[in-house]
Amino acid sequence: LAHGGGGKAMRDLIEGVFTSAFVPDAMEDQARLMDAALQEPGARLAFTTDSFVVDPVEFPGGDIGKIAVCGTVNDLAVGGARPLWLSAAFIIEEGTEVALLKRIVMSMKQEADKAGVRIVTGDTKVVGRGMADKVFVTTSGVGVIAPGCDLSAGRVRVGDVAIVNGVLGDHGAAILAARGDMALSAEIQSDCQGLGHLMQAVMHAAPGVRAARDATRGGVASVLNEVAETAGVSIEIEETALPLRSEVKGMCEILGLDPLYLANEGTLVVFVPEDEADAALAAMRAMPEGREATVIGRVVDGMAGRVTMRTLFGGARIVDMLVGEQLPRIC
Amino acid sequence: MNGRRIRVRGQVQGVGFRPFVWQLARRFGLKGTVLNDPEGVLVFASGEDLEQFEAAIAAEAPPLARVDAVESEPCDVRADDGFEIVASEGAGAETRVTPDAATCQDCLCEINDVNDRRYGYAFANCTHCGPRFTILKALPYDRDQTTMAPFDMCSACREEYGDPGDRRFHAQPVACPDCGPRVWIEPSSGGDAIVEAAARLRLGEVLAIKGLGGFHLAVDACNADAVALLRDRKRRPGKPFALMGTLEVVCRYASVSKTERVLLQDVAAPIVLLRKGEEALPEGVAPGQASLGWMLPYTPLHHLLLQAFEGPLVMTSGNLSGEPQVIGNAEAIEKLENFADAFVMHDRDIARRLDDSVERITPHGPMVLRRARGRVPGTLPLPEGFENAPHIAAYGGQMKAAICLIKNGQALLGHHLGELDEALTWDAFVQADADYADLFDHHPEAVACDLHPDFSATKHSYSKGLPVETVQHHHAHLAACLGENGWPLEGGKVAGIILDGLGLGPDGTVWGGEVLLGDYRGFERTHWLRQAPLPGGDMAQRDPWRNLLMRLDQAGMADLADQFLGVCPVDLLRQSVTAGVNAPMSSSAGRLFDAFAAALELVAGAQSFEGEAAMRLEALALEWEADVEGYPFDVRDGEIDPAPLFRAWLQDRESGVEAAKMARRFHVGIASVFGRCARELVESGRAKAIALSGGCFQNALLLDLVARELQDLPVLIHTKTPANDGGLALGQALVAAARWDGRRA
Ligand SMILES: [Fe+3]
Ligand SMILES: [Mg+2]
Ligand SMILES: [Zn+2]
Ligand SMILES: [Zn+2]
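Respectively, the protein sequence lines represent chains A and B.
Position one of the first sequence corresponds to residue 1 (the numbering used here), numbered consecutively onward.
Position one of the second sequence corresponds to residue 1 (the numbering used here), numbered consecutively onward.
What follows is the structure, encoded as structure tokens:
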């Protein structure tokens, strides 16, 4: 791919690779949006944006395009919105294979279809070698929050139950494995997936759901800390309840990584009132994204902002937010 | 002027000092008064033998007192009414509290005297002994503010309490069987609690016993099955258990030198590490260890129990793995019910959790491994130059957390708290911070902490809204050693041999085996162990073999590593190093000890407790008593490379040299290479002395070898504060004070 300044090569690229996949019928520079959900009194718009840089851009279980769609869809979903429309902007390093771009775009298309969202506008820039690493993607998303739905961490209170939809750390582990070229016995797949439908199901089954968070970078540990801090509560999780794939567990043990801090791209934590926990769990388990849903802990009375983990032997360890990179601490 | 005004400074309050002065005055036929005030004890006296009286104040002070100074000046003394103890004067008077003290001989005689009203009483105490800090709820230290408050003194006790001529004058925890706490056993068959407890122990049962600073779990130390049962229930496979016995029993199972005996009998009654003696205890008490940790009974309850049991007891702290010791009765039942067959309880609450202190005697004096019960809240005088130190609070490290407060030339180094990752320990840390500030009337102008951003104590420091001084971990170790040795602020630079686990360096790598040339204010790193990756970060601390892998690879012995560590995931770790996944570079000396322990196959997989590998290596090296040549190191431009050591070890191994000799050669090699590097700095005039600090210096053999290597030079070692991270906060506080001083100037 050659450096583009708006010439023919560029136009061919955009039409051939991007426009045809996302908005085949688009003639205008801007997307004009309409949806019945917007008409309901009390409905609110949700709007979010995120940039994605992943090394490597393709990895077991996904690629940067899939993450770019899922990430923004999930940002909307955990706020209680039904994701509807996305924009996608690309910064491409000169020399990146067109075939790779095509694969990325196709996976975006596929993921968008699956999530029921449309990519309605976008942009593409090509920069010189070394000015970007293959491809960077920015997606923005718009969704609609149904009337009366109000999910926020501030609503979480003592007695609530924390549920995750599936195993932890698969994405972080997959990326590490792919990047380091490490001799891992089993190939670990990223958990990258959209969570829009799952969230709709949870809200339907457990209308009292307080809050949900997408556990991406910083892992489940960071999400729990954010919620505990915002809500001014303590959260206590159970080590034995954490869903972990044995390969991920084994890899974490060897590499000295804590799965609670590993990145995910399709894992959420929902907080529901105790009496709706069973309904929420059942609804989640009925869907492929939530088949391994499980309660990992609960909100307890205690120091505001503190997250602890009951360990195998009964002690309670503090699960803190990391300030630096994970550096050894045992003297 | 007819008399003198005598000021006594030091640890002179709450230790029976005023009645002592009162009795002295009567002996010398003096008139006047004695009182407590914020500066200590103040005496006004007139009469003939004032000189002798003053000399006796320092010379004959009560057992728990520490007299730092007796200053006197002529003064008019109103002397019509003989000699009197008068009420305290001024704010802050009577605010001192001394460390808890082991039962004194007088009280011991009473509980063993059938005619005494305290015969067989488990809570006898007096001004010279008994609980102090562990029963203190708030200041000032009055009975009402202790957990003795619910017990109303009977008239007999009240009389003793009010009589300046009595050993119990103003002894806050004074009690007797009529009015004081009582002991019981649950479940009980109705007999005497102590007798039942001893009987159960003889049957091999596990007992939870409420002590001074927390619960212990006890079993018959001679019963291998009982010891194994306790290990199994506590899920503690290898960590040595502490033992308690009467002096006679201790001397049967341990070899006890004169100085060790003195330490055992110290009022602090610490656990003392002692070499095994004539008779052996089951190996399960302390697998693979050359030394056992012994303490003498330090409360009447312990004395009575050991008299009834007549043998050595394992006395390990009563806690869930990783958690702090339990202190409450209900808490004990909730948490220890799966461990203990019965509970020896009492109804005097424990206000503060304090672990047993752990100490040992080396050829170079005492060594403090864990500073807690009996030692805190004792203060340390700071060196010359720190007389006007501002109030500074320092928060120490992550694993052996302890807080230090300094002000006006004094330091209060708090008790061992433990691992701050543990929620209950963190709570105790926060409480201790508030408590010690209160106790020491401390209002910090600045706080000090480690460079590591993810130490809980570092985060705590930044939450205080005060100026924060971050102190490099090993600089803090160095400063702590200087401080406890009274090295003056302007005393010049020293060479610090810092052999430690690890601490973050200013360059972002992990340090731990260095020679630092510096003083309180700053340092330069002149020598360091060649860095090796720590594959898996903290996992490298758990698994000694990871460090061996890295050192062998580095020494060009990868083939051997493949053979030797074939069952371990060596390739994956090597790849993680290449990929830069959680494999920080480190010059840790502790990890080199671990690597060599793995080379000698002393720990197969993971260590079952912190320091296991190094402790086994030390124990093994002690088995080889003959002189050996140390393993070689290469030293180039400050870098100390252990590659030749591993090559020499391989040769030894192939020629069938005994493991003990190899362990010895390792110790000697490290001691001489670091000794040599530090010696250069002194001999070239760049350093005035050599300081030894860091967790590896808990290894008494290493300490001895380094000290002997340097015996012709001035060497500073830790004897009062831990060389490990338990002393870190003292060093941090001193560095911050030294720099603060510069900032003000
Ligand atoms: Fe240290
Ligand atoms: Mg975002
Ligand atoms: Zn006594
Ligand atoms: Zn009484």
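Quick reminder that beta carbons are idealized off the backbone N, C-alpha and C, glycines included.
Quick caveat, the model's predicted, so the values are computed rather than measured.
Own chain residues within Cβ distance below 6 Å of residue i, not counting five before or after
i      : result
W748/B : Residue 748/B lies beyond the residue range present for chain B, which begins at 1 and ends at 745; the question has no answer from this structure.
L485/B : It should be pointed out that residue 485/B corresponds to Asn in this sequence rather than to Leu. L716.
Test: residue i CB closer than 8 Å to a CB of chain B
i      : result
M284/A : no
I318/A : yes
G315/A : yes
V323/A : yes
T308/A : yes
M34/A  : no
Closer than 8 Å to chain A by CB, residue i
i      : result
A597/B : no
P722/B : no
M367/B : no
G496/B : no
W426/B : yes
G418/B : no
R7/B   : no
N- and C-terminal bounds of the alpha helix (DSSP H) containing residue i
i      : result
D166/B : No alpha helix (DSSP H) holds D166/B; DSSP gives it neither H nor E.
W184/B : Looking at the DSSP string, W184/B is not in any alpha helix (DSSP H); the run it does join, the beta strand (DSSP E), is V183 to E186.
K335/B : N329 to L336
H667/B : A659 to E683
K746/B : This structure gives no information on residue 746/B, because the portion of chain B shown stretches from 1 to 745.
R345/A : Lying before the first or after the last residue shown, residue 345/A is absent from chain A, which here runs from 1 to 331.
M615/B : E612 to L622
Inter-residue Cα distance where the pair is residue i and residue j
i      : j      : result
L746/B : G496/B : As displayed, chain B neither begins before 1 nor continues past 745, which places residue 746/B out of reach and without an answer.
A93/B  : D37/B  : Low local confidence applies: a pLDDT of 44 at A93/B is under 50, so the model's placement there is unreliable, and no value is given.
L517/B : H474/B : 11 Å
D778/B : K493/B : This structure cannot speak to residue 778/B, because chain B is shown only from 1 to 745.
L439/B : G414/B : 11 Å
L100/A : W85/A  : 24 Å
L552/B : R329/A : 24 Å
L229/B : L203/B : 12 Å
P273/A : A231/A : 14 Å
K464/B : G638/B : 39 Å
L424/B : P324/B : 7 Å
V447/B : E40/A  : 57 Å
M399/B : G418/B : 6 Å
A598/B : A199/B : 43 Å
E469/B : L730/B : 13 Å
Residue range of the beta strand (DSSP E) that includes residue i
i      : result
P83/A  : A81 to E93
E73/B  : R66 to C75
W380/B : The residue you asked about is not Trp; residue 380/B is Leu in the sequence shown. Where L380/B is concerned, the enclosing beta strand (DSSP E) stretches over T379 to P381.
R213/A : A211 to D214
I188/A : Here I188/A belongs to no beta strand (DSSP E), and DSSP marks it neither H nor E.
E746/B : The structure shown has nothing for residue 746/B, since chain B only spans 1 to 745.
I119/A : R118 to V127
R370/B : G365 to R370
Q11/B  : G3 to Q11
Residue i CB to nearest heavy atom of ligand 4 below 7 Å
i      : result
M153/B : yes
C176/B : yes
A122/B : no
Any non-hydrogen atom of ligand 6 within 7 Å of residue i CB
i      : result
G503/B : No copy of ligand 6 appears in this structure; the ligands present are ligand 1, ligand 2, ligand 3 and ligand 4.
heavy atom of ligand 1 below 7 Å from residue i C-beta
i      : result
C331/A : yes
Same chain, Cβ closer than 8 Å to residue i, neighbours up to 5 away in sequence not counted
i      : result
P212/B : Per the sequence presented here, residue 212/B reads as Leu, with Pro not at that position. The residues are D100, P131, T134, Y298, T299, I350, L354 and R373.
A127/B : In the sequence as presented, Ala is not what sits at residue 127/B; that position holds Thr. Once the five neighbours on either side are set aside, the close Cβ partners of T127/B are V15, G16, P19, P62, L64, R167, R168, F169, H170 and A171.
Cut-off 7 Å between Cβ atoms - residues of its own chain near residue i, not counting five sequence neighbours on either side
i      : result
Q52/B  : F28
G208/A : V272, P273 and E276
S46/B  : N2, G3, L30, K31, G32, V77 and A79
Closer than 7 Å: residue i CB and nearest ligand 3 heavy atom
i      : result
D106/B : yes
C109/B : no
T134/B : no
Chain D residues whose Cβ lies nearer than 8 Å to that of residue i
i      : result
G256/A : Absence of chain D from the displayed structure is noted, the protein chains being A and B.
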